[in-house]
Amino acid sequence: MSLSDVRHQDAALRRIQQALSRDRVPHAYLFHGPEGVGKERVARGLAQLLLCSNPTERELGIDEAGVVGLKRVREGCGRCEDCRLVAAQTHPDFHVIYRQLHRDHPEADVRKRKGLEIGVDVLRHFVIDKVGLTPLRGRAKLFVIRAADDMTVQAQNALLKTLEEPPGSTFIILLVSAVDRLLPTTLSRCQLVRFDGLPEGFVREKLGEFRPALSRERIEWCARCGEGSLGRTLEYADDELFELHQRLAESLTRLGDGHSDSLVKAWTDEASALGERYRKRDPDITDSEATRRGLATVFQLAAGWYADVLRNYADTAQFIGAETVATAINRLAEAQRQLDLNANTQLIVETLVGDLAGSTAV
Ligand SMILES: [Zn+2]
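As structure tokens, this is what we get:
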């Protein structure tokens with residue numbers, strides 16, 4: 005994995021390569037943009053280059069250069085021991101920080117906590133206390149903070165000094181999807197690099213490559229719903245959301261026929277099944293939070309179904325009117341807001357389904 009292997013992030017790569025060619029790589033970078041578009045891959049590529057014992061400068065072919073807008077790029081050699089260790093994620097000077105790292109903290113109290121955010125203890129132990137130490141293999145030390153917008157205010161405040169004056173050979177890269185969750189003081193100490201959503205065609209191609217068993221229809225649906233995030237698209241495929249979408253579509257077309265009780269149960273069951281998947285992925289979230297996230301996905305897919313109905317209006321007009329669809333979409337958005345406000349989930353589903361059925365009934 006070298007820097008120039010990352011696709012469709014030309015503006016970001018250009019900025020980084022320009023800094024490299026001037027030997028002015030900032031000590032605190034903040035990569036921001038949607039989840040799953042290559043921020044961490046670029047951070048790893050940069051880490052490899054900065055740690056590599058024999059970095060190379062490569063001339064780009066005409067095709068490549070046209071896209072990236074550069075004649076040559078610097079990257080790690082990919083062959084030395086440092087490059088190998090970065091690729092294996094075992095380089096002693098390359099540290100990735102994330103929410104669940106609290107489990108490796110020396111203090112039992114911290115280990116026992118839920119890792120729902122990146123707290124000050126984790127940041128002190130794994131970053132702040134380490135930045136002053138000499139690199140173990142000599143060239144540099146890199147800290148990548150994954151989902152850095154999960155840092156608490158206290159953690160961000162504790163990091164300010166380090167971001168402002170890191171020791172010469174230390175580099176910190178914050179990976180962020182919601183910039184507005186960071187303090188202005190954190191933002192002002194970093195050099196911001198924006199990452200964009202990926203083109204749908206590219207996401208489709210990659211999904212087909214990573215999940216070759218998926219049907220064409222599933223690939224197209226997941227890539228469309230992933231909205232330029234390969235990470236999210238892969239989750240949609242792995243969570244079998246296309247199948248869920250079809251079950252929801254089937255139940256929604258029958259909504260006017262007095263099926264609302266069974267629909268409440270079906271949606272609640274779907275939400276808890278999804279919640280279980282989310283909990284496997286992130287064991288620190290509670291049962292009720294997992295169900296809430298599951299319901300959010302169910303609502304989102306239902307809203308997507310109604311939006312499709314509007315788009316293909318001519319085909320479906322016979323059983324549902326445009327106004328009904330618009331009302332349903334608004335109602336689902338309202339239910340999402342209630343979920344965010346921690347209202348009782350059973351009640352949210354019952355009222356929602358009742359309203360949807362009421363407006364669909366003829
Ligand atoms: Zn190397």
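For the sequence shown, this note's numbering assigns the number 5 to the initial residue and increments by one for each residue that follows. Backbone N, C-alpha and C fix where the C-beta goes; we use that ideal spot for every residue, glycine too.
Ligand 1 heavy atom lying under 7 Å from the CB of residue i
i, result
"S57", "yes"
"G80", "yes"
"D97", "no"
"C194", "no"
"C84", "yes"
Residue nearest to residue i in terms of C-alpha spacing, selected from the options
i, options, result
"S181", "I149, Y310, P203", "I149"
"D291", "G279, R285, K165, A300", "G279"
"A23", "L53, H36, R45, E274", "L53"
"D286", "Y102, V29, E61, L55", "Y102"
"E63", "Q21, A92, R28, D27", "Q21"
"G136", "K165, R117, Q158, N161", "K165"
"G82", "Q13, C56, H99, A332", "C56"
"L191", "M155, L345, L146", "M155"
"A339", "Y240, V357, E327", "V357"
"K118", "R107, R128, L127, V124", "R107"
"E68", "H12, E254, A347", "H12"
"E239", "R220, Q342, V207", "V207"
"S363", "N316, D97, D184, L256", "L256"
"G372", "D242, R258, K116", "The structure shown does not extend to residue 372, since the chain is modelled only from 5 to 366, so the question has no answer here."
"E374", "R45, R143, S25", "Since the first residue shown for the chain is 5 and the last is 366, residue 374 is missing from the structure and cannot be characterised."
"T331", "R281, L360, G308", "L360"
"E31", "E221, K145, E231", "Note that residue 31 is His in the sequence shown, not Glu. Nearest C-alpha to H31: K145."
"R45", "V100, I66, G65, V29", "V100"
Alpha-carbon to alpha-carbon, residue j and residue i
i, j, result
"A365", "R19", "Here the model assigns A365 a pLDDT of 49, short of 50, so the residue's position is not dependable, and the following value carries that caveat. Roughly 56 Å between the two C-alpha positions."
"G205", "P59", "33 Å"
"T295", "A51", "38 Å"
"G325", "V41", "38 Å"
"V313", "D153", "36 Å"
"V90", "F175", "15 Å"
"Q304", "A151", "23 Å"
"L354", "L187", "One detail in the question is off: residue 354 reads as Glu in this sequence, not Leu. Their Cα atoms are separated by approximately 39 Å."
"C229", "T138", "46 Å"
"Q350", "L336", "15 Å"
"D27", "R48", "18 Å"
"L178", "G37", "11 Å"
"F214", "E274", "26 Å"
"L127", "R141", "22 Å"
"D125", "F35", "23 Å"
"Q160", "C194", "12 Å"
"A347", "R297", "13 Å"
"K134", "P170", "11 Å"
"R341", "I289", "20 Å"
"D14", "G172", "28 Å"
"F98", "F147", "6 Å"
"V183", "A16", "16 Å"
"D200", "I223", "21 Å"
"F246", "D261", "24 Å"
Residue i Cβ short of 7 Å to ligand 2 heavy atom set
i, result
"C87", "Summarising the ligand content, the structure contains ligand 1 and does not contain ligand 2."
Enumerate, from N- to C-terminal direction, the unbroken alpha helix (DSSP H) stretches of 4 or more residues contained entirely within the stretch 34-114.
-> 43-55, 66-72, 85-91
Taking only runs of the alpha helix (DSSP H) that begin and end inside the stretch 180-246, which ones reach a length of at least 4 residues, in chain order?
-> 188-192, 204-214, 220-229, 234-242
At least three beta-carbon pairs within less than 8 Å, the stretch 26-42 to the stretch 232-240 = yes
Cβ contact (3+ pairs, closer than 8 Å) linking the stretch 5-16 and the stretch 77-94 = yes
Would you list, in sequence order, the uninterrupted alpha helix (DSSP H) runs of no fewer than 4 residues that lie entirely inside the stretch 240-306?
-> Those alpha helix (DSSP H) runs which fall completely within the stretch 240-306 and span 4+ residues are 245-257, 264-285.
Meets three-Cβ-pair contact criterion under 8 Å: the stretch 111-119 and the stretch 81-88 | no
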